[in-house]
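Undergrad: Under the working numbering, think of the first position of the sequence shown as 958, with each following residue one higher.
Glycine is no exception: its CB is placed at the ideal position from the N, C-alpha and C atoms.
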Amino acid sequence: MANNSTFEDALLRLKSLTDLTDINPEVIEALLHPKEIMSVSLPVRMDNGSKQYFTGYRCRYNNILGPTKGGIRFHPQVNQDEVKALALWMTIKCAVAELPFGGGKGGVTVSPKDLSPMELERLSRAYVRSLADFIGPHRDIPAPDVYTNSRIMGWMMDEYESVKREHSPDVITGKPIELGGSVGRDDATGRGAYLCALELIKKMEWQATEITVAVQGFGNGGYHVARLLQQAGCKIIAISDSLGGIYSEQGFDIESLWQEKQQSRKIRGVYCDGSICEMIEHTTISNEQLLTLDVDILIPAALEGVITRHNADAIQAKAIIEIANGPILYEADKIIHEKGIRVVPDVLANAGGVSVSYFEWVQNRSGQIWLIDEVHQKLKDKMTDAFLNVWQIAEDEKLSLREAAYVKALRRINSAISAHGTKEYFAKQ
Ligand code: NAD
């Protein structure tokens, strides 16, 4: 584990850009300080009649570019420090994707798998009741993250509407389609990463059919990126979840694995033809082993901080596409860069989710309902533009893709801050 906290690590990365670019130090300084953070205690009546207290957080990190936007995580490791780091990354991500949003994030320290569906609903509603004046369609718009999903977003919207006594589908995104969600939001994060992968494959002059891929995390992000890359001809040779991973040189059929996981709650190497499933030969591997496999593309799609200075040297992938937020610690960045591994950073690679969340918010506010082709085309345009833009900055200014993405974001935030007047402007008066 790193010595720094996740937030300290995120700040180190930000400060390291000061010498690299023409960014006004006032912008970096502004981004070292989260605007607001709320911590709330959430009493929840459990099914056995007892009352349990959970801690919830919500951070509005920076709103210079618009209302803050970011997911809500339900996980035992959620803490204030992690929420702040994730909210900072959302600020950068929304600026990279050129969305009219600032960055925010929230979470509850809880092991959701230990709760019954009714306890989960009570907790979700308690979170929104406590934070109903902190969030809002013009202020701070939550969305799903690790171990939260569209049903939970639906409960949260419903609770917000009950408190405010008005219809407000635009307070939260990632809702069920029947409750004002957008088509295309379910696979948007994985699809966005897939679109980045396609552009990377073109730039590297690779052939999709010759690419091997390992994916850590088989949830919303990991499943969809693996499915789409397999459809494009890539071989997904390893995949894992919190319990461990599986490996097969011949590659897995992702849809079959997903169906198997839904039924057995385990990932096992199966191939399904219609309703008949066969076990295919595979070995079980640990999450640590998956990271160091000799593959073309490694996709961390679970939690942050999995690549550190201790295992960075052992990474053999030619490229890494970060679906998880912060999977590579700052201390490991340099090692990975020196090994010549191309990293498509989280603030670009996983921006598909917030982009379609933005489309959902626009539809809710304008009363429009877009069809799937329109959503897919808009997402493709947004992700491809962002990727090519970042790639060009990296080439022109001899930066890594991560540095280039931050530079793009900071320039955008810089122009907004400058529009209010900087030290140079006021010193002249
Ligand atoms: P999810 O809850 O749908 O899936 C998480 C997956 O990670 C599960 O398969 C789980 O078993 C696995 N996992 C949990 N702990 C693990 C561990 N210690 N080792 C290996 N696997 C583990 O979550 P998600 O929405 O797919 O999010 C995954 C990552 O992507 C997170 O870092 C999240 O912040 C990021 N992300 C998600 C979205 C989104 O829209 N869902 C958007 C941007 C970024």
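Beta-carbon separation of leucine 1045 and leucine 1152 under 9 angstroms?
TA: Not a contact, by the Cβ cut-off of 9 angstroms.
Undergrad: Looking at glutamate 1101 and the ligand NAD, is the gap between the Cβ and the nearest heavy atom below 8 angstroms?
TA: Per the sequence presented here, residue 1101 reads as proline, with glutamate not at that position. Answer for proline 1101: yes, Cβ within range of the ligand NAD.
Undergrad: Does the distance from the CB of serine 1197 to the CB of alanine 1269 come in under 9 angstroms?
TA: no
Undergrad: Please tell me whether, using a cut-off of 8 angstroms, the distance from the CB of phenylalanine 1344 to the nearest non-hydrogen atom of the ligand NAD is below it.
TA: If you check the C-beta of phenylalanine 1344 against the ligand NAD, you find no heavy atom less than 8 angstroms away.
Undergrad: For the ligand NAD, I want to know if asparagine 1177 counts as a neighbour, meaning its beta carbon is within less than 8 angstroms of at least one of the ligand's heavy atoms.
TA: Yes - the ligand NAD has a heavy atom lying nearer than 8 angstroms to the Cβ of asparagine 1177.
Undergrad: Could you give the C-beta distance for serine 1079 and valine 1001, rounded to a whole number, given that I count them as a contact under 8 angstroms?
TA: According to the sequence shown, residue 1079 is arginine rather than serine. At roughly 5 angstroms, the Cβ-Cβ gap stays under 8 angstroms, so arginine 1079 and valine 1001 are in contact.
Undergrad: What residue from Glu1235, Ala1276, Asp1127, Thr1066 has the CA that sits closest to lysine 1296's CA?
TA: Ala1276
Undergrad: Please state the DSSP three-state secondary structure of threonine 1066.
TA: The DSSP-derived three-state label of threonine 1066 is strand.
Undergrad: Name the residue from Ile1374, Ala1376, Ala1362 whose alpha carbon lies nearest to the alpha carbon of tryptophan 1047.
TA: The question names tryptophan, yet the displayed sequence has methionine at residue 1047. Closest by alpha carbon: Ala1362.
Undergrad: I need the boundaries of the alpha helix (DSSP H) containing serine 1375, first residue and last residue.
TA: Note, serine 1375: alpha helix (DSSP H), 1358-1377.
Undergrad: Going by the CB atoms, is the gap between isoleucine 1098 and serine 1081 shorter than 9 angstroms?
TA: no
Undergrad: Should alanine 1100 and asparagine 1307 be called a contact, given that it needs their Cβ atoms to be closer than 9 angstroms?
TA: no
Undergrad: Are the beta-carbon atoms belonging to leucine 1367 and isoleucine 1021 less than 9 angstroms from one another?
TA: no
Undergrad: Valine 1311: beta carbon under 8 angstroms from a heavy atom of the ligand NAD?
TA: yes
Undergrad: Where arginine 1017 and proline 1302 are concerned, what is the direct C-alpha to C-alpha distance, given to the nearest angstrom?
TA: 22 angstroms
Undergrad: Is it buried or exposed, methionine 1075, if we count other Cβ atoms within 10 angstroms and call 16 or more buried?
TA: exposed
Undergrad: Pick helix, strand or coil for cysteine 1153, following the three-state DSSP scheme.
TA: helix
Undergrad: Considering only their Cβ atoms, is the gap separating leucine 1056 from lysine 1026 smaller than 9 angstroms?
TA: Less than 9 angstroms separates the beta-carbon of lysine 1026 from that of leucine 1056.
Undergrad: Along the beta strand (DSSP E) that carries aspartate 1230, what are the first and last residues, could you check?
TA: 1227-1230
Undergrad: Hey, how far is the Cα of arginine 1086 from the Cα of methionine 1114?
TA: 10 angstroms
Undergrad: Could you tell me whether the stretch 1216-1236 touches the stretch 1244-1260, where touching means 3 or more Cβ pairs closer than 8 angstroms?
TA: no
Undergrad: So what does valine 1172 bridge to, in DSSP terms?
TA: Per DSSP, Ile1196, Ile1256.
Undergrad: In its own chain, which residues sit with a C-beta less than 7 angstroms from the C-beta of alanine 1054, not counting the 5 before and 5 after it?
TA: Within the same chain, and ignoring the five residues on either side of alanine 1054 in sequence, the residues whose Cβ sits closer than 7 angstroms to its Cβ are Ala1308, Val1311, Ser1312, Lys1339, Ala1343.
Undergrad: From the DSSP output, in three-state form, read off leucine 1022 for me.
TA: coil
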